[in-house]
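Q: Pasting in a structure now, in structure tokens, and then I'll have a few things to ask.
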Amino acid sequence: EAGVAQSPRYKIIEKRQSVAFWCNPISGHATLYWYQQILGQGPKLLIQFQNNGVVDDSQLPKDRFSAERLKGVDSTLKIQPAKLEDSAVYLCASSPRRSGGADTQYFGPGTRLTVL
Amino acid sequence: GNSVTQMEGPVTLSEEAFLTINCTYTATGYPSLFWYVQYPGEGLQLLLKATKADDKGSNKGFEATYRKETTSFHLEKGSVQVSDSAVYFCALNNAGNNRKLIWGLGTSLAVNP
Numbered sequence: 162e163a164g165v166a167q168s169p170r171y172k173i174i175e176k177r178q179s180v181a182f183w184c185n186p187i188s189g190h191a192t193l194y195w196y197q198q199i200l201g202q203g204p205k206l207l208i209q210f211q212n213n214g215v216v217d218d219s220q221l222p223k224d225r226f227s228a229e230r231l232k233g234v235d236s237t238l239k240i241q242p243a244k245l246e247d248s249a250v251y252l253c254a255s256s257p258r259r260s261g262g263a264d265t266q267y268f269g270p271g272t273r274l275t276v277l
Numbered sequence: 700g701n702s703v704t705q706m707e708g709p710v711t712l713s714e715e716a717f718l719t720i721n722c723t724y725t726a727t728g729y730p731s732l733f734w735y736v737q738y739p740g741e742g743l744q745l746l747l748k749a750t751k752a753d754d755k756g757s758n759k760g761f762e763a764t765y766r767k768e769t770t771s772f773h774l775e776k777g778s779v780q781v782s783d784s785a786v787y788f789c790a791l792n793n794a795g796n797n798r799k800l801i802w803g804l805g806t807s808l809a810v811n812p
């Protein structure tokens, strides 16, 4: 079974530029997550999708960050415009269950963003 | 609310030493508990998990037992290797919480030859 795919792996941009990240979850997984991990810290959940609907985006800085999962499969996360403090690894994860029960999240390799 | 507390790092051990990384939690209901590992420059990988009290998760020589009476899920390995050097994260996942993972801060482990 293929894992969670993310691209690009690395991205360097200047502040005020825009950037987009792509994630393809494990086939059949209903739930998709985007996390931000700043160096030396644990992951911070940005947004959670159940199929193509948003379940939780309470920690997403909506003035500059946006995410979509239009067909309930792959997803994109965009930052516009980027700030220096957005430098981090952006992790995508997916989990299989549609409703009820606690289950395992499977992570992609992440995209390392550097904002100069 | 739900929370996870891990022992602070960094932890430095010699090869073949015994490892314990403490993890305690606070949660309502009956959460599932996880250990994830992050090797240098890589994403998070599930190391092991336990879904109910007294379950023992194990993988790659690592073990952790879900102790409801002490609300703990300590990670152990009898003999660490240099290749175990990584950051280890304890996490919980509560069914009634939109399956949101609640993370500890991570414990960095360095194993010297």
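Sequence lines, in order, name chains A and B. The first sequence runs 162 to 277 under the numbering used here. The second sequence runs 700 to 812 under the numbering used here. Note that beta-carbon positions come from the ideal geometry of N, C-alpha and C, so glycine has one too. All of these numbers come straight from a predicted model, not from anything done at the bench.
Are the beta-carbon atoms of A/Val180 and A/Leu274 separated by less than 8 Å?
A: yes
Q: Once you ignore the five residues that flank A/Ile208 on each side, which residues in its own chain have a CB closer than 6 Å to its CB?
A: Excluding positions up to five away in sequence, the list reads Trp195, Asp218, Leu221, Ala228.
Q: Would a C-beta distance cut-off of 8 Å place B/Gly742 and A/Gly271 closer than the cut-off?
A: yes
Q: Is it buried or exposed for A/Arg230, if we count other Cβ within 10 angstroms and need 16 for buried?
A: buried
Q: Cα separation between A/Gly261 and B/Glu714?
A: Confidence in A/Gly261 is poor, its pLDDT being 46 and thus under 50, which makes the residue's placement unreliable; the coordinate value appears in the next sentence. For A/Gly261 and B/Glu714, the distance between alpha carbons rounds to 42 Å.
Q: Taking C-alpha atoms, which residue in A/Gln178, A/Tyr171, A/Phe182, A/Ile173 lies nearest to A/Thr237?
A: For A/Thr237, the nearest C-alpha among the options comes from A/Phe182.
Q: With C-beta atoms as the reference, is B/Val786 less than 8 Å away from B/Thr806?
A: yes
Q: Listing by chain order, which chain A residues have their CB less than 7 Å from the CB of B/Phe788?
A: Gly203
Q: Does the separation of the CB atoms of B/Ser778 and B/Leu808 fall below 8 Å?
A: no
Q: Quick check on A/Leu245: does DSSP put it in helix, strand or coil?
A: Looking at A/Leu245 - three-state DSSP - the assignment turns out to be helix.
Q: Using a C-beta to C-beta distance shorter than 9 Å, which residues of chain A count as neighbours of B/Lys748?
A: Thr265
Q: Along chain A, which residues have their Cβ under 7 Å away from the Cβ of B/Leu800?
A: Think of a sphere of 7 Å around the beta carbon of B/Leu800: the chain A residues whose beta carbon falls inside it are Gln266, in chain order.
Q: At a CB-CB cut-off below 9 Å, which residues of chain B make contact with A/Pro257?
A: Residues of chain B passing the Cβ test: none, with the nearest at roughly 10 Å.
Q: Can you tell me whether DSSP reads A/Ser188 as helix, strand or coil?
A: coil
Q: Taking Cβ-Cβ distances below 9 Å as the criterion, which residues of the stretch 725-757 of chain B are in contact with chain A?
A: Tyr729, Pro730, Ser731, Phe733, Tyr735, Gln737, Gly740, Glu741, Gly742, Leu743, Gln744, Leu745, Lys748, Thr750
Q: In this structure, does DSSP put B/Val688 in helix, strand or coil?
A: For residue 688 of chain B there is no data in the structure shown, the boundaries of chain B being 700 and 812.
Q: Of all the options B/His773, B/Thr750, B/Trp734, B/Pro730, which has the alpha carbon lying nearest to the alpha carbon of B/Asn721?
A: B/His773
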